[in-house]
Amino acid sequence: MPNYKICLLPGDGIGPEIIAEGVKVLNAVGAKYDTTFEYTEALIGGCAIDATGNPLPQETLDVANASDAVLLAAVGGPKWDTTDSSKPRPEQGLLGIRKALGLYTNLRPVTIFSALSAASTLKPEVIEGVDMVIVRELTGGLYFGERHRYYDEEGAGTDGVKGQRAVDTLEYREYEVERIARQAFEAARKRRGRVHSIDKANVLDTSRMWREVVHRIGETEYPDVELVDMLVDNTAMQLINDPRQFDVVVTENMFGDILSDEAAQITGSLGMLASASLGDGVALYEPSHGSAPDIAGKGIANPLAQIMSVAMMLQYSFDMVDAANDIMAAITKVLDAGYRTGDIKDASTPENMVVGTVAMGDLVVENL
237 MPNYKICLLP GDGIGPEIIA EGVKVLNAVG AKYDTTFEYT EALIGGCAID ATGNPLPQET
297 LDVANASDAV LLAAVGGPKW DTTDSSKPRP EQGLLGIRKA LGLYTNLRPV TIFSALSAAS
357 TLKPEVIEGV DMVIVRELTG GLYFGERHRY YDEEGAGTDG VKGQRAVDTL EYREYEVERI
417 ARQAFEAARK RRGRVHSIDK ANVLDTSRMW REVVHRIGET EYPDVELVDM LVDNTAMQLI
477 NDPRQFDVVV TENMFGDILS DEAAQITGSL GMLASASLGD GVALYEPSHG SAPDIAGKGI
537 ANPLAQIMSV AMMLQYSFDM VDAANDIMAA ITKVLDAGYR TGDIKDASTP ENMVVGTVAM
597 GDLVVENL
């Protein structure tokens, strides 16, 4: 009987509620496929700050490195919001664990469940057939560049004005672009054979290098894959105007962060977007939404993105493709039957079909 060790990181806000539903589904999969999952819970984010003063304690990293996969829920909340760069923030835990585990690739599938077409703010004829994967570089760019704030008493800038200054450094190395490009081209070979590379090459030197490297990798190693360059501002528009044109989208860290959240709205809710973070170490799986502190503890959070993250974990870390497909099929059945959490209901959804977090998890298990 296979046995897999999983590091659970519930985090903050709705995190503990939705990760419980992910574990519930995992246990049902284990019973069906004669597999056991061993869980160890650890701290990250705001709860880790409260307990240890550190958003990513060393103990958490030790547990993660000793596991076969990491399942994370969400971090953050207004309790820990601060503009003081000397104070810890929950998001530092998330960035830190990605860096520490060498997870440089983030995969975010964006697919449309036909039953939810009315939940999207876009017209059904625009989103019908949308099926893309956003490949986001995860450990470089602005989020990991040097940063500092200072008070310029001399007005040394070109404007000659005294006052506060803040600097964030956007930096990429050639090898970082090469490896994320290969991930995108490999994904496209297994899909429809098209890669959109997103940059801001009309302004940024990092984007010009990005474009040069992606083209070199594509032309020399993947001549069978179509490569399309697109500026990030145009991409933001095209995701709304014609999302069906995209197959695999590859881009740098901050652009990918923003565009994947925009793409989530095509599906009707951030609660429907899962992700996998892959690289050199133990892989990490998480929903793409935040901690939603405004609804924490109310039992109304949508657990489906967390459950779909479980499906990605089964596929990418454990090679349990059939089990992953079973989860997606079960979710489809639940949605086709008309059940909704509050974030994905529409005007036609009967009140008795609107369910809470636990009930939605139960429905997925029943349909497994």
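Going by this note's numbering, 237 is the number at position 1 of the sequence shown; the sequence numbering is gapless. Glycine is no exception: its CB is placed at the ideal position from the N, C-alpha and C atoms.
Using the three-state DSSP reduction, which class does residue 469 fall into: helix, strand or coil? helix
Of the residues 484, 339, 502, the one placed nearest residue 361, counting alpha carbons only: 502
Whole alpha helix (DSSP H) runs in the region 255-306 with 4 or more residues, listed along the chain? 282-288, 294-301
Which residue wins for smallest C-alpha separation from residue 450, given the options 487, 423, 483? 487
Quick check on residue 456: does DSSP put it in helix, strand or coil? helix
Is it right to say residue 424 is buried, meaning 16 or more other beta carbons lie within 10 angstroms of its own, or is it exposed? buried
In this structure, does DSSP put residue 593 in helix, strand or coil? helix
With the cut-off set at 9 Å, would you say residue 514 and residue 296 are in Cβ contact? no
Residues near residue 413 by beta carbon distance below 6 Å, same chain, minus five either side: 446, 449
In the structure shown, what three-state DSSP assignment does residue 237 receive? When secondary structure is reduced to three states using DSSP, residue 237 falls in the coil class, being assigned neither helix nor strand.
Could you tell me which residues DSSP puts in a beta bridge with residue 556? Beta-bridge pairing links residue 556 to no other residue.
Report the residue ranges of all beta strand (DSSP E) runs contained in full by the region 509-583; include only those spanning at least 3 residues, in chain order. Segments of the beta strand (DSSP E) lying fully in the region 509-583: 510-514, 520-523.
Give the range of the alpha helix (DSSP H) segment to which residue 501 is assigned. 489-502
Near residue 552, what residues of its chain come up, given a Cβ to Cβ distance below 7 Å and the 5 sequence neighbours on each side ignored? 512, 514, 519
Sheet register partners of residue 441 (DSSP bridge): Looking at the DSSP assignment, residue 441 forms no beta bridge with any residue, so it has no partner.
To the nearest angstrom, report how far apart residue 279 and residue 315 are at their CA atoms. 16 Å
What whole-angstrom Cβ distance do residue 496 and residue 524 have, given they're in contact under 8 Å? The C-beta distance from residue 496 to residue 524 rounds to 6 Å, short enough to fall under 8 Å.
Could you check where the beta strand (DSSP E) with residue 378 kicks off and where it finishes? Segment: none, residue 378 is in no beta strand (DSSP E) and carries neither H nor E.
Assuming residue 251 contacts residue 310 (C-beta within less than 8 Å), just tell me the rounded distance between them. The pair is a contact, with the Cβ atoms about 4 Å apart (cut-off 8 Å).
Looking only at DSSP bridge pairs, what is residue 247 linked to? Looking at the DSSP assignment, residue 247 forms a beta bridge with 310.
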